[in-house]
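All you need for our numbering is the position in the sequence shown, starting with 1, plus 3. By construction, the Cβ of each residue, glycine as well, lies at the ideal position given by its N, Cα and C atoms. Since the structure comes first, as structure tokens, the remarks are kept for the end.
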Amino acid sequence: TSSNSNGASAFELEEIEIDDPDPRASTPGTRKSEDRPSTFRAPTPAKLKRSRSASNNSKYIIKTTPEDKKQLDLKVARFFYGHNISFRAAQGKHFKNLCCELRPGYSPPSREAIGGVLLDQVYNEVREELKNNLINEEPVIITQDGWSSVHNDPIIAHCLFSVNGSYFHS
């Protein structure tokens, strides 16, 4: 049986006796079908109580407030950045379906938001976190490396090493 969130059964099993219509189904040495009726459990819909007020249903609905959306968008963006996922993946129907299944009513950020406003916000948060972590650190070692891209664009990467960890900036 399956049950809903109240613990009430969504289906009740009803026993129905069925005589075996095929006498050849009984093999020698076993009882014939007329000696033993088969039992079949057929699911039948349970009678569910219906609520007359919509307020009782509100405890089963997850609402996404604007503040929740901001936090979820930031987590989605951090996931994209942390795993080096192309921002175009945010436009894909499979990604949107996944987000909808995980949290109905939530629409994930667009690729423009992930590459724009959210990127700026995460960058500022990481920068502040870095400042707070390094404010009383001694010693700190700074290294720098540079190279050219395939298009001959200069790339410079900086790395800070401290007792508590490494921080990269490019």
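Residue i versus residue j: straight-line alpha-carbon distance, rounded
i              : j              : result
lysine 134     : lysine 66      : 36 Å
lysine 96      : arginine 106   : 15 Å
valine 153     : isoleucine 159 : 14 Å
glutamate 140  : tyrosine 170   : 13 Å
proline 69     : leucine 121    : 15 Å
asparagine 100 : glycine 108    : 11 Å
alanine 80     : isoleucine 117 : 6 Å
asparagine 155 : lysine 62      : 58 Å
cysteine 102   : lysine 72      : 12 Å
Proximity below 7 Å, CB of residue i to CB of residue j
i                 : j              : result
phenylalanine 164 : isoleucine 138 : no
beta-carbon residue i near the ligand MG non-hydrogen atom, thresh 6 Å
i            : result
histidine 97 : As far as ligands go, the structure on display features none, and thus does not contain the ligand MG.
Close Cβ partners of residue i (< 7 Å) along its chain, the five nearest in sequence each way excluded
i             : result
aspartate 148 : Ala160
arginine 114  : Phe90, Arg91, Ala93 and Gln94
arginine 157  : Sequence inspection shows proline at residue 157; the arginine mentioned does not correspond to that position. Result list for proline 157: Gly149 and Ser151, in chain order.
Cβ shell of residue i (< 6 Å), same chain only, five flanking positions each side left out
i             : result
alanine 92    : Phe98
threonine 146 : Cys162
Close Cβ partners of residue i (< 8 Å) along its chain, the five nearest in sequence each way excluded
i             : result
aspartate 76  : Pro111, Pro112, Ala116 and Leu121
isoleucine 88 : Phe82
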